[in-house]
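Numbering (the working numbering), first residue to last: 58 to 755.
A virtual CB, placed ideally from N, CA and C, is assigned to each residue, including glycine.
Okay, structure coming up:
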């Protein structure tokens, strides 16, 4: 169909004009008489058509073009890469023949289907071939696989998901809840062994991850024994080669479970490693699950948080609960007019001021005393905040208001924030939090201000801080530029049935502000304990003599393991500091030494961290085929066994809902842009010219 930008009636004058020009040339000119009647008719026709097509371009004609694209059905084959697969009796088969059979089975379908391979365990990702599968992951997170499939393939012609697994999951959410909205069948291949073998294992350990010097803390250990009736064993708790607890026990049932309770003493500051082991029984299937390490951070005392409010607010209770979930902090909350320690603040490590300073003149004296005692402050700004005085007591953020109105603003995470890190789970949920009420006005930010989150007003993203921190002359100040945190906590619970993510934002902010200020000009920030499959992430900061962050020189780091092997690294530079991803290390104790040179001075920093062994895969070795069956049944598919893998080809071909996706797109294309249209006009003129030359007129 041909469309034009102007009325189609304009074709009539174009038709007449083309006819008139062609007629003048071949009916009324003197040269026309040299041709025969038939020759004139042919030449007239060529000239008329060429002129008509050329003049028609003034109407900007276009044509509708239909493009058809056929997308093959996508089949995803996801292989469980966890180590529990090889702890079954068929481990040799799974390492060799099974993976080859999968590739051979689906190779025949590649002409009609798009086959993609995935692996999951510690992390879900797409792979090119099954050769990348090594069954060495020490956790199984099927929920991450399903989320990755939904995020990356839901907008494509995904028709089938095949999960090859033993059904043993030890991380993440229940897959049965996730697949409720999936529209495609999920076939499962039931690997592993459902037979209960002779085994004794440590299944659960309950303890406080933080303890305080010279305090005692409880330790609870649950031991499970299967098919070991009549055997004897011993449970031990060891620290630095010294046995702290030991208890012998007899197994008097085929399925035997016992909880052991003991009290340990926190007698040394720092990260303390405790090894818990249960003595193996004869002919045990595996001893990997007989030993586990735990790490307890022993601190020199709880830090005390003062929470003061100008007036009652649901924020107060929400913030208090968020902080109290961290055992490292003790919170005292007051309304300002009922607080009687305004002149004796030394007992507090940090103060949270909710809508303080306000118009109350006593607030000024409080802030002066806090500043005098070098107590970090977290300001929560709202409707009652006295903005001019707030601008005077700190220089990190200046807010100029022409009228005292509030904006409804939602949070945007700042990916360049470096003062501390927040978990992936918290990052993922932040954009679902409801708005805070933030002061409307002009914002001026100092160079040493770092924003954890920015403000988004409606659909407009800004660089105005929502949660930010100022670090000037080693004095730390935090600001939450808005009231209504209690709504974040409620929304968090509605989404995940937990307050953990909202609480983490407050807890990490308090942890940063309340941490003892390091006056050194060079420092390395590093966690004390990492999981076995977790990358070692470190940050470094270098300050000049004015205590301003700089990152001009190169920072080198050496990590040394317990055997003395050294691993050298160089930090990458960020905006004004340094960052390093050292990758994944085996379990054990490591020391690190960092160094740099600046202004003729050599700076150094060192520390210790531990990699905790994760043997979650060895705790439970009984395959959960019931889970796999329910996944397939719920998605209108089928569960099969590894020796039936070739049946999958027929099961897929039999389904009528697994078919190509045909998409049609209709586009308007201007004729002036079409080479064939212009070529036709040129061809008509060229044919006319050639015939005239051939018949002797030229």
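{"Asked": "Among 261, 506, 185, nearest to residue 276 - alpha-carbon criterion", "Found": "261"}
{"Asked": "6 angstroms CB neighbourhood of residue 756 in its chain, flanking five on each side removed", "Found": "The first residue shown for the chain is 58 and the last is 755, placing residue 756 beyond what the model contains."}
{"Asked": "Residue from 372, 588, 382 with nearest C-alpha to residue 646", "Found": "588"}
{"Asked": "Alpha carbon of residue 240 to alpha carbon of residue 428, nearest angstrom", "Found": "60 angstroms"}
{"Asked": "Integer-rounded CB distance, given that residue 644 should sit under 8 angstroms from residue 669", "Found": "6 angstroms"}
{"Asked": "Exposure of residue 755, with buried meaning 16 or more beta-carbon neighbours within 10 Å", "Found": "The predicted model places residue 755 with a pLDDT of 49, which falls under 50 and marks its position as unreliable; any figure quoted below should be read in that light. Per the 10 Å Cβ criterion, exposed."}
{"Asked": "Pairwise C-alpha distance: residue 586 and residue 687", "Found": "37 angstroms"}
{"Asked": "Neighbour-count burial assignment, residue 539, 16 or more Cβ in a 10 Å radius", "Found": "buried"}
{"Asked": "Buried or exposed by the 16-neighbour rule on C-beta atoms within 10 Å, applied to residue 515", "Found": "exposed"}
{"Asked": "Contact check, residue 451 vs residue 534, beta carbons under 8 angstroms", "Found": "yes"}
{"Asked": "Reduced DSSP secondary structure (H/G/I, E/B, other) of residue 356", "Found": "strand"}
{"Asked": "Strand pairing of residue 365, partner residues [DSSP]", "Found": "391, 410"}
{"Asked": "Collapsed DSSP secondary structure at residue 635 in the structure displayed", "Found": "strand"}
{"Asked": "C-beta contact flag for residue 606 and residue 634 at 8 angstroms", "Found": "yes"}
{"Asked": "Residue 401 versus residue 203 - alpha carbon distance", "Found": "55 angstroms"}
{"Asked": "C-beta atoms of residue 131 and residue 210 nearer than 8 angstroms", "Found": "yes"}
{"Asked": "Residue 408 versus residue 567 - alpha carbon distance", "Found": "9 angstroms"}
{"Asked": "Identified DSSP bridge partners for residue 455", "Found": "501"}
{"Asked": "Through-space distance from residue 435 to residue 499, alpha-carbon basis", "Found": "21 angstroms"}
{"Asked": "Residue 357 burial status per 10 Å Cβ neighbour count (16 or more: buried)", "Found": "exposed"}
{"Asked": "Residue 755 in three-state terms, based on DSSP", "Found": "Bear in mind that the predicted position of residue 755 carries a pLDDT of just 49, short of 50, making it too unreliable to give a figure here."}
{"Asked": "Proximity below 8 angstroms, CB of residue 152 to CB of residue 250", "Found": "no"}
{"Asked": "Which listed residue (666, 117, 593, 656) has its alpha carbon closest to that of residue 619", "Found": "666"}
{"Asked": "The stretch 133 to 141 touching the stretch 718 to 732, judged by at least three CB pairs closer than 8 angstroms", "Found": "no"}
{"Asked": "C-beta contact flag for residue 537 and residue 483 at 8 angstroms", "Found": "no"}
{"Asked": "Cβ shell of residue 501 (< 7 angstroms), same chain only, five flanking positions each side left out", "Found": "455"}
{"Asked": "Endpoints, alpha helix (DSSP H) assigned at residue 338", "Found": "It is not in any alpha helix (DSSP H) - residue 338 carries neither H nor E in the DSSP assignment."}
{"Asked": "Alpha-carbon spacing of residue 174 relative to residue 190, whole angstroms", "Found": "10 angstroms"}
{"Asked": "Nearest-angstrom Cα separation, counted from residue 219 out to residue 181", "Found": "14 angstroms"}
{"Asked": "Whole-Å CB distance - residue 673 paired with residue 196, under 8 angstroms assumed", "Found": "5 angstroms"}
{"Asked": "Whole-angstrom distance between residue 208 and residue 720, CA atom to CA atom", "Found": "21 angstroms"}
{"Asked": "DSSP three-state assignment for residue 722, whether helix, strand or coil", "Found": "strand"}
{"Asked": "Start-to-end residues for the beta strand (DSSP E) that takes in residue 184", "Found": "182 to 184"}
{"Asked": "Inter-residue CB distance, residue 564 and residue 265 (contact presumed, cutoff 8 angstroms)", "Found": "Rounded, the Cβ-Cβ distance is 16 angstroms, inconsistent with contact."}
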